[in-house]
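Protein chains: 4
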Amino acid sequence: MTIEGTRDTESAGRIRLGMVGGGQGAFIGAVHRIAARMDGEYDLVAGAFSSQPKRALESALELGVARERAYGTYEEMVAAEARRDDGIEAVSIVTPNHLHAPIATAFLEAGIHVICDKPLTSTLEDARTLARAAHRSGLVFVLTHNYTGYPMVRQARAMVAAGKLGTVRVVQVEYPQDWLTEPLEKTGQKQATWRTDPKQSGAGGCIGDIGTHAYNLATFVTGLQLESLAAELSTFVKGRRLDDNVQILLRFKGGARGTLWASQIAPGNENGLRIRIYGDKGGLEWKQEDSNYLWFTAYGEPKQLITRGGAGSGPESARVSRIPSGHPEGYLEGFANIYAEAARAIRAAREGRTPGSEVIYPTVDDGVKGMEFIDAAVRSSKGGGVWVEV
Amino acid sequence: MTIEGTRDTESAGRIRLGMVGGGQGAFIGAVHRIAARMDGEYDLVAGAFSSQPKRALESALELGVARERAYGTYEEMVAAEARRDDGIEAVSIVTPNHLHAPIATAFLEAGIHVICDKPLTSTLEDARTLARAAHRSGLVFVLTHNYTGYPMVRQARAMVAAGKLGTVRVVQVEYPQDWLTEPLEKTGQKQATWRTDPKQSGAGGCIGDIGTHAYNLATFVTGLQLESLAAELSTFVKGRRLDDNVQILLRFKGGARGTLWASQIAPGNENGLRIRIYGDKGGLEWKQEDSNYLWFTAYGEPKQLITRGGAGSGPESARVSRIPSGHPEGYLEGFANIYAEAARAIRAAREGRTPGSEVIYPTVDDGVKGMEFIDAAVRSSKGGGVWVEV
Amino acid sequence: MTIEGTRDTESAGRIRLGMVGGGQGAFIGAVHRIAARMDGEYDLVAGAFSSQPKRALESALELGVARERAYGTYEEMVAAEARRDDGIEAVSIVTPNHLHAPIATAFLEAGIHVICDKPLTSTLEDARTLARAAHRSGLVFVLTHNYTGYPMVRQARAMVAAGKLGTVRVVQVEYPQDWLTEPLEKTGQKQATWRTDPKQSGAGGCIGDIGTHAYNLATFVTGLQLESLAAELSTFVKGRRLDDNVQILLRFKGGARGTLWASQIAPGNENGLRIRIYGDKGGLEWKQEDSNYLWFTAYGEPKQLITRGGAGSGPESARVSRIPSGHPEGYLEGFANIYAEAARAIRAAREGRTPGSEVIYPTVDDGVKGMEFIDAAVRSSKGGGVWVEV
Amino acid sequence: MTIEGTRDTESAGRIRLGMVGGGQGAFIGAVHRIAARMDGEYDLVAGAFSSQPKRALESALELGVARERAYGTYEEMVAAEARRDDGIEAVSIVTPNHLHAPIATAFLEAGIHVICDKPLTSTLEDARTLARAAHRSGLVFVLTHNYTGYPMVRQARAMVAAGKLGTVRVVQVEYPQDWLTEPLEKTGQKQATWRTDPKQSGAGGCIGDIGTHAYNLATFVTGLQLESLAAELSTFVKGRRLDDNVQILLRFKGGARGTLWASQIAPGNENGLRIRIYGDKGGLEWKQEDSNYLWFTAYGEPKQLITRGGAGSGPESARVSRIPSGHPEGYLEGFANIYAEAARAIRAAREGRTPGSEVIYPTVDDGVKGMEFIDAAVRSSKGGGVWVEV
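See the structure below:
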């Protein structure tokens with residue numbers, strides 16, 4: 024065991040949380056729940072966990088949600104919770120993409136803060152409409168681009184902002200996976216099925232599922248704005264209805280250039296999200312699967328391996344860390360950091376305050392940008408890989 | 024996001040948990056609390072968080088513990104909780120080592136299950152007495168040798184047990200750190216102070232703090248029994264009262280041979296716990312800082328990198344995993360697995376059942392073995408590095 | 024020391040070798056000489072080592088070349104060596120790119136085999152003319168795309184050819200460096216000066232210097248033919264006259280898709296040539312800086328780390344290895360393999376034989392393909408990154 | 024291709040070299056020959072390559088050695104070469120260990136410099152006698168502890184000497200292999216046979232073959248002197264006559280402590296020589312299989328990855344490097360550095376000079392120390408693992 028203190032903020036007055044989607048057999052719902060639990064900031068008290076009533080109820084009971092607050096539909100849930108004195112203050116939306124917009128809008132209209140999985144919606148139009156609704160509401164809207172919650176991603180962002188890399192010239196970002204190398208969706212596997220279905224996912228497959236994560240990460244860390252792109256979206260598995268491999272050239276405002284590769288058919292890759300950024304003064308590299316490390320090179324100096332909490336890592340990563348260096352944190356902690364930031368924002372809203380500038384989370388506007396990115400990539404690819412403005 | 028389901032067991036009927044130690048400024052107490060929260064199995068409802076009354080109370084309130092169940096001493100806590108209908112069912116003990124024995128004994132005598140940090144006690148005698156008390160009580164006693172909770176440690180253990188390595192011949196285990204390279208204890212740093220103080224830690228410094236982790240890991244994974252050892256305990260920092268570097272030759276029953284190195288003065292190492300095991304059919308390697316990977320070589324075959332949840336990893340690791348492969352889990356998840364196993368044992372006890380054989384956690388007997396190991400190492404070293412029986 | 028035999032073919036009847044370029048202060052000339060010496064197959068007996076007569080002579084004497092065979096110009100050298108009974112049988116050409124064509128042509132016309140550094144020439148037209156001359160001559164023409172000499176590159180190629188990856192879908196290749204992050208050419212540094220000078224290098228900077236290596240490697244390993252590309256050639260350093268960063272989308276015949284990134288301005292990268300190839304049955308990865316390793320994943324199996332000479336590596340890598348597994352071979356050995364293959368071809372020519380099909384080296388036709396690639400990339404980039412046929 | 028010049032010293036007046044041992048089927052002889060050839064400093068002109076006359080002659084002819092200088096025995100070779108005006112100036116001895124002493128003595132007495140494989144002899148007594156003969160002769164005697172030729176080993180040594188680590192406290196050195204996991208010697212494999220035969224190897228198996236390399240490396244890099252040790256020599260493979268696994272506690276003069284592990288039965292290890300050194304100011308780590316990297320941590324600073332020729336590496340490594348950073352050098356280059364240093368010493372002897380202090384190579388005295396180490400380890404182990412003085 025090493026040396027420093029560990030964060031632990033199980034304060035009184037937990038935030039009352041509901042969830043839509045995420046019942047039995049889902050993946051991301053459970054992740055959201057662990058993330059919500061980790062720091063003791065939320066109590067899950069209500070849910071419409073499934074579109075199938077039986078599954079919805081069973082899931083609720085398993086999760087310790089009271090029978091009366093286990094709803095069959097999100098519409099019932101909004102109505103009932105809005106009426107309660109102890110109604111939920113925030114809702115987590117973890118359904119397939121095409122349902123995000125109507126659900127989020129309903130809760131926002133009922134005055135309930137929203138924590139929504141990504142991508143924001145299944146169409147750009149929905150995204151823009153939702154963003155307007157969110158802005159109108161004045162409520163907290165958090166999009167769970169969870170990779171921005173990793174401490175060393177925060178560290179990287181802080182280093183770029185502090186000029187450690189000088190002017191950014193090149194951004195290489197990638198997110199290879201291999202789980203769709205074969206037509207898994209034909210087996211009925213739930214995750215594969217909806218993610219390859221245009222009705223549920225929208226016009227983008229791989230580009231929407233993980234390409235947006237890569238894009239979001241690149242802009243989050245560098246602060247750059249994308250100007251235009253040339254995209255090659257491919258579908259390698261016969262019969263698949265959406266892209267499963269994505270290669271894109273990126274032009275950022277101000278002159279930086281990049282490439283983005285995302286793939287679901289690259290054997291030997293699990294969740295290989297990785298970013299490399301090069302400026303005129305230095306370079307850095309981070310990889311999700313080894314998330315506690317950040318490689319940094321000041322040009323002309325030896326390469327440094329900065330560890331989470333170790334020498335060379337600063338307050339931006341420390342404030343989203345729970346344990347000292349050398350003990351790995353992982354995906355769930357990074358996800359929990361999004362929930363922790365959301366909690367800070369919601370508490371500030373409770374008290375009529377603006378949260379401090381150190382509180383950072385992906386917003387509905389980031390969600391719109393993600394949808395614009397998907398839209399542009401699909402347009403480019405349909406045009407034969409031509410350059411299009413974003 | 025990938026493919027499979029994620030564990031999530033926030034069932035009704037959470038276990039009522041208390042804690043002794045772990046107030047403001049402590050490290051390991053917060054780790055225990057996050058571990059207890061992660062799967063929604065426990066509610067922290069009482070505590071004697073500090074020997075300083077003000078700190079004890081403040082810590083309790085921060086943690087959402089009711090004022091009436093924020094105790095000034097563990098003695099008060101035992102007495103009061105034992106009287107309550109809704110008294111705690113289990114207690115986490117996270118004080119310095121020398122207090123483990125009296126506290127654990129008091130709670131056991133009150134019929135309360137114990138989850139105790141390691142090493143078990145500060146003397147071998149205390150350890151043996153405590154073990155007798157635990158056995159007498161019939162209660163669950165879990166020692167948080169948390170590294171045994173890592174999924175790939177479970178995987179390694181299962182592979183050894185399944186004969187994938189053949190007969191084990193060589194075990195190389197090490198745990199280097201660097202945080203005591205300089206006399207940090209002279210600055211008043213709390214963790215350094217008690218860990219280098221024989222009164223609070225016992226006769227072993229580095230050997231007790233992290234050497235025992237390495238030893239426990241080696242026996243946990245291999246199933247071997249230590250027969251004798253020759254130890255070189257060194258104190259490199261002037262004025263330090265306990266060892267800060269440990270090098271040991273190990274002889275296991277049945278003929279396997281090993282070395283154990285633990286150090287707190289090895290610059291460039293954070294928590295470098297690492298084990299390598301070689302048999303006549305294969306070898307494997309695991310490192311805590313990259314805990315989602317397990318290297319395995321069947322003799323004559325290419326080296327394999329087995330990932331948590333990936334191809335080649337089996338049910339023993341899957342049952343203590345929360346998310347699919349490629350998304351790293353870390354230290355807190357491993358620690359939480361100890362709490363999850365404890366919860367299974369405690370629920371079984373509630374229902375008068377014996378837990379299934381798949382439920383694995385370090386026990387009071389492992390704690391006694393750890394103390395025997397420390398005792399033997401200290402004896403050997405004092406004798407000039409002679410071989411001693413364990 | 025380990026187990027197997029080591030290659031060593033210092034046979035009688037060494038090949039008489041000359042060299043043009045590569046005198047004092049040059050880099051690649053010395054590499055060619057070590058490569059030629061390593062297996063005892065060549066004797067360096069003549070040279071025109073520099074366009075500056077004094078440097079040419081001094082270099083020759085340092086290298087043990089007889090004064091009478093130290094020439095001031097390649098024209099003198101061709102004339103004199105062609106007249107000698109013991110004249111050179113082969114010449115190594117290691118001048119800047121724009122001189123390759125006239126020099127190679129002159130030696131070919133004199134019946135002397137050619138080993139030529141890459142890229143083949145500075146213009147596509149020159150390349151095609153030279154290729155015709157080479158074919159006409161019937162002589163051996165070896166282009167030193169040295170990375171194809173690495174044993175594990177041969178291994179990768181053999182595995183793709185054997186169907187271990189199934190149908191190749193995706194090729195990601197990159198070659199980042201950082202040595203031109205700043206305007207080194209302004210300091211007069213010789214390597215930087217000619218490599219950024221269009222007159223000496225041709226129309227491509229980074230694309231010609233290292234982009235061609237990446238491209239050659241990709242086609243060598245996969246056996247794929249490039250169909251079209253969309254290239255973004257950038258010059259980030261002010262005042263530089265050629266590109267220093269290259270990002271390209273690749274379409275291969277048959278449907279595989281790729282990206283190529285080469286950069287000379289990516290701090291923290293030295294010679295980061297790296298290729299990743301994914302098919303419907305598996306994936307592999309190789310990195311030049313860790314050249315003795317090859318990562319291979321059969322879809323659904325654990326990732327394997329195949330080492331040079333170790334389990335899983337086959338005869339194609341063994342025949343270009345000199346020492347057993349676990350002792351690293353490097354860049355010079357890979358380069359020497361090109362010379363060793365050349366020696367086999369030249370010996371076969373001596374004896375009027377065709378060399379066996381296992382003898383593999385990059386030819387003048389590969390050189391033309393490299394120039395076509397540069398040409399297409401420059402055309403695409405000038406057109407705004409449009410897709411162009413190769 | 025990158026930036027700086029490359030060493031290349033094929034000067035006139037090559038050193039005339041002979042070889043004893045190393046004929047067909049041998050491993051290390053070929054390594055010595057490549058090492059001798061790499062920089063163009065030697066001509067191999069004579070040899071007694073095998074104790075079997077036919078193999079001796081055939082080997083010589085394959086190697087381009089004149090028939091008249093292909094000897095049947097080393098005695099003939101000494102006699103004949105000593106008589107020639109163009110007789111050899113130096114001899115490489117690459118026989119099994121027990122023959123080193125008589126052969127080396129004979130050549131020394133004939134005024135011929137010696138380059139001898141390690142370990143120096145098969146008994147400590149022979150070693151001491153040979154050392155006296157070498158000193159008496161005034162000739163150059165180089166022991167090929169080749170790992171000391173690696174550039175980053177030189178770099179590590181320079182950094183320790185420069186105080187970058189402060190006072191060295193802990194040395195962890197290891198050399199695991201796996202090639203003798205099974206009784207390979209029973210198959211007649213030549214390398215396995217003599218290395219497990221006490222008559223040819225001496226009293227040490229693994230300890231002599233690779234343990235001495237690890238020991239030599241530790242003292243070479245740190246400059247420390249071993250004081251005493253406690254050794255556990257094991258033989259895990261049934262019927263094997265020498266140790267195949269070695270674990271040793273080390274006490275150095277001045278208080279540093281270490282462990283040494285060498286093994287030939289650790290599946291998954293090829294030539295895993297690795298050293299880690301920790302002082303009160305910093306730590307470093309080097310691994311033979313990734314020989315171009317050196318990890319360095321100044322206490323309290325981020326860990327640095329220093330690459331051969333890259334930022335942070337200095338003149339001591341540069342003078343034994345041939346190519347710029349980022350292009351890997353390997354085992355043969357390291358071995359060639361021993362030959363290059365020997366050439367510098369022999370040239371100095373030719374000219375009656377003392378070589379500069381930068382010329383570093385393992386000497387006969389290092390060989391004696393190696394034999395003392397083996398002797399002490401065997402004594403300790405026979406005594407039950409007791410501490411013995413070295």
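Protein chains in written order, with the working numbering: chain A, 24 to 413; chain B, 24 to 413; chain C, 24 to 413; chain D, 24 to 413.
Using N, Cα and C, we set each Cβ at its ideal position, and we do this for glycine too.
Small disclaimer: the values here were computed from a predicted structure and weren't measured.
Query raised in the report: Between the C-alpha atoms of alanine 49(C) and alanine 105(C), what's the straight-line distance to the nearest angstrom?
Result: Spanning the two alpha carbons is a distance of roughly 26 Å.
Query raised in the report: What are the partner residues of phenylalanine 275(D), as DSSP defines its beta bridges?
Result: Under DSSP, phenylalanine 275(D) shares a beta bridge with Leu249(D).
Query - Within 8 Å of chain D by C-beta, residues of the segment 166-195 of chain A in sequence order - result: The residues in question: there are none.
Report task. Write down every uninterrupted run of the beta strand (DSSP E) in the segment 46-90 of chain A whose length is 3 residues or greater and which is fully enclosed by it, in chain order. Result -> Taken in chain order, the whole beta strand (DSSP E) runs of length 3 or more contained in the segment 46-90 of chain A are 65-71.
Query raised in the report: Among the residues of its own chain, which have a CB less than 6 Å from the CB of tyrosine 97(B), if the five just before and after it don't count?
Result: Val43, Ala71 and Ile126, listed in sequence order.
Requested in this report: Compare the Cα-Cα distances from tyrosine 362(C) to each of Leu86(C), His168(C) and Gly87(C) and report the closest residue.
Outcome: Between tyrosine 362(C) and the set Leu86(C), His168(C) and Gly87(C), the nearest pair of CA atoms involves His168(C).
**Report entry** Residue-chain proximity (proline 325(A), chain D), Cβ-Cβ < 8 Å
**Finding:** Chain D, which has a Cβ nearer than 8 Å to the Cβ of proline 325(A), makes this yes.
Query raised in the report: Ends of the beta strand (DSSP E) at valine 43(D)?
Result: In the DSSP assignment, valine 43(D) falls within the beta strand (DSSP E) that extends over 38-43.
Query raised in the report: glycine 302(C): which of Asp313(C), Thr320(C), Ser74(C) and Glu352(C) sits nearest, CA to CA?
Result: Out of Asp313(C), Thr320(C), Ser74(C) and Glu352(C), Thr320(C) has the C-alpha closest to the C-alpha of glycine 302(C).
Requested in this report: Counting only runs of 3+ residues fully inside the segment 101-125 of chain A, write out the beta strand (DSSP E) ranges in chain order.
Outcome: Whole beta strand (DSSP E) segments, 3+ residues: 113-116.
Requested in this report: With 7 Å as the limit, tell me which residues of the segment 261-273 of chain D have their beta carbon closer than that to any beta carbon of chain B; keep them in chain order.
Outcome: Here the close residues are Asn268, Gln270 and Leu272.
Query raised in the report: Just the Cα atoms here: how many angstroms apart are valine 114(D) and threonine 216(D)?
Result: Take the alpha-carbon of valine 114(D) and the one of threonine 216(D): they are about 25 Å apart.
Report task. With a 10 Å radius around its C-beta and 16 neighbouring C-beta atoms as the bar for buried, classify arginine 263(B) as buried or exposed. Result -> Here arginine 263(B) is buried: its Cβ has 16 or more other Cβ atoms, across all protein chains shown, within 10 Å.
**Report entry** Buried or exposed (CB count within 10 angstroms, at least 16 for buried), glycine 277(A)
**Finding:** With fewer than 16 other Cβ atoms within 10 Å, it is exposed.
Requested in this report: With 8 Å as the threshold, decide whether the Cβ of alanine 341(B) is near any Cβ in chain C.
Outcome: Interface criterion not met: the Cβ of alanine 341(B) is under 8 Å from no Cβ in chain C.
Query raised in the report: Which residue comes first and which comes last in the alpha helix (DSSP H) that contains alanine 184(B)?
Result: Residues 174-184.
Query raised in the report: Any beta-carbon of chain D closer than 8 Å to the one on glycine 46(A)?
Result: Residue contact check for glycine 46(A) against chain D: no CB pair falls below 8 Å.
Requested in this report: Sort Ala241(D), Asp266(D) and Tyr354(D) by Cα distance to glutamine 294(D) and report the nearest one.
Outcome: Per the sequence presented here, residue 294(D) reads as asparagine, with glutamine not at that position. It is Tyr354(D).
Query raised in the report: Which residues in the same chain have their Cβ closer than 6 Å to the Cβ of alanine 285(A), if we skip the five residues on either side of it in sequence?
Result: If we look at alanine 285(A) and ignore the five residues flanking it on each side, its Cβ neighbours are Tyr198, Cys229, Ile233, Gly234, Ala237 and Val269.
Query raised in the report: Rounded to the nearest angstrom, how far is the Cβ of glutamate 324(C) from that of alanine 334(B), given a contact under 8 Å?
Result: Contact between glutamate 324(C) and alanine 334(B) holds: CB atoms are separated by about 5 Å, below the 8 Å threshold.
Query raised in the report: Between the Cα of alanine 254(B) and the Cα atoms of Thr128(D), Ala371(D) and Ile271(D), which residue gives the shortest distance?
Result: Nearest option by C-alpha distance: Ile271(D).
Query raised in the report: If you drop the 5 nearest sequence neighbours on each side, which residues of the same chain put their C-beta closer than 6 Å to that of phenylalanine 396(A)?
Result: Annotation for phenylalanine 396(A): Tyr238 place their beta carbon closer than 6 Å to its own, counting only its chain and skipping 5 residues before and after.
Query raised in the report: Looking at the structure shown, is glycine 407(C) part of a helix, part of a strand, or coil, going by DSSP?
Result: Coil, per DSSP.
Query - contact_flag[the segment 337-347 of chain D, the segment 339-352 of chain C] where n(CB pairs < 8 Å) is 3 or more - result: Three or more Cβ pairs closer than 8 Å define a contact, and the segment 337-347 of chain D falls short of that threshold against the segment 339-352 of chain C.
Requested in this report: Within the segment 182-250 of chain A, note down every full beta strand (DSSP E) run reaching 3 residues or more, in order along the chain.
Outcome: Listed in chain order, the complete beta strand (DSSP E) runs (minimum 3 residues) inside the segment 182-250 of chain A are 191-199.
Requested in this report: Could you check if serine 380(A) is buried or exposed, using at least 16 other CB atoms within 10 Å of its CB as the buried criterion?
Outcome: Exposed: under 16 other Cβ atoms inside 10 Å.
Requested in this report: Determine which residues share a DSSP beta bridge with glutamate 412(C) and list them.
Outcome: Beta-bridge pairing links glutamate 412(C) to Ser251(C).
Query raised in the report: Helix or strand or just coil, what does DSSP make of leucine 143(D)?
Result: In the three-state reduction of the DSSP assignment, leucine 143(D) falls in the coil class, being assigned neither a helical nor a strand state.
Requested in this report: Within the segment 309-346 of chain C, note down every full alpha helix (DSSP H) run reaching 4 residues or more, in order along the chain.
Outcome: DSSP assignment within the segment 309-346 of chain C yields the following whole alpha helix (DSSP H) runs of 4 residues or more, N-terminal first: 338-341.
Query raised in the report: Looking only at DSSP bridge pairs, what is tyrosine 301(B) linked to?
Result: Beta-bridge analysis with DSSP links tyrosine 301(B) to Val193(B) and Gly306(B).
Query raised in the report: Is the Cβ of isoleucine 346(A) closer than 8 Å to any Cβ of chain D?
Result: No, isoleucine 346(A) lies away from the interface with chain D (no Cβ there is under 8 Å from its Cβ).
Query raised in the report: Comparing alpha-carbon positions, which option in Gly281(D), Leu122(D), Val163(D) and Ala241(D) lies nearest glutamine 311(D)?
Result: Of the candidates Gly281(D), Leu122(D), Val163(D) and Ala241(D), the one whose C-alpha sits nearest the C-alpha of glutamine 311(D) is Ala241(D).
Requested in this report: Please list the partners that tyrosine 322(D) has in chain B, where partner means a Cβ-to-Cβ separation under 7 Å.
Outcome: Result: Asp201, Thr204 and Pro290.
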